[in-house]
Amino acid sequence: MSKKVATIGVLIALAMIFSYIEVLLPINLGIPGAKLGLANLVVVISLYLLPLSWTWMISLIRIFLMGILFGNGLSILYSISGGILSLLIMSILKKIKGFSIIGISISGGVSHNMGQLLMAVVILGNIKISYYIPILLIAGMITGILIGQLSTQIIKVIKKVNKES
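So this is what it looks like as structure tokens:
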């Protein structure tokens, strides 16, 4: 039990550090509000190496803590809608098999953006912002590829280290 708590705590902290880095050093992707999503690196890796319930805890706790520390109620709503949809889609596709880590990550990036856009439509009560969909699809695919490639390499290293120990 203590190993579980320690592992989850360390991964939440790591995800929060990655999120904080994005707050401090916003990477301009040319799309308002778009971020690389470094914290999703922790989520994707957790999805492949830990029980799904742990991954849900890591993702949701990180979103709430970052929202409380650096955001507001609306930012939490946007983040939670994107985070829940993203992890739901990624976990379903992972169970289906046939998708690479990069493919799963792309689905996570795209669905995260779509979840946030749906929340924006609900909050603003305006469907016209859906013109933003093509831009968000492209941004989600690009960031999903980058996070997926990094995740693939990190998972390989972790598995290698675990084999050797």
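Residue numbers for the sequence shown follow my numbering, beginning at 22 and rising by one.
Beta carbons: idealized from backbone N, C-alpha and C, even for Gly.
Buried/exposed call for residue i, threshold 16 Cβ in 10 Å
| i | result |
| --- | --- |
| Leu68 | buried |
| Leu62 | buried |
| Val31 | exposed |
| Met22 | exposed |
Residue i (DSSP reduced to helix, strand or coil)
| i | result |
| --- | --- |
| Met135 | helix |
| Met78 | helix |
| Met87 | helix |
| Ser186 | coil |
| Gly58 | coil |
| Phe39 | helix |
| Gly169 | helix |
| Ser121 | coil |
| Met162 | helix |
| Met22 | coil |
7 Å Cβ cutoff met for residue i and residue j
| i | j | result |
| --- | --- | --- |
| Ser102 | Met162 | no |
| Leu59 | Phe39 | yes |
| Leu138 | Leu157 | yes |
Boundaries of the alpha helix (DSSP H) in which residue i is found, first to last residue
| i | result |
| --- | --- |
| Tyr152 | Tyr152 -> no alpha helix (DSSP H), and no H or E assigned at all. |
Any non-hydrogen atom of the ligand COA closer than 6 Å to residue i Cβ
| i | result |
| --- | --- |
| Ser126 | Among the components modelled here there is no ligand, and therefore nothing to report on the ligand COA. |
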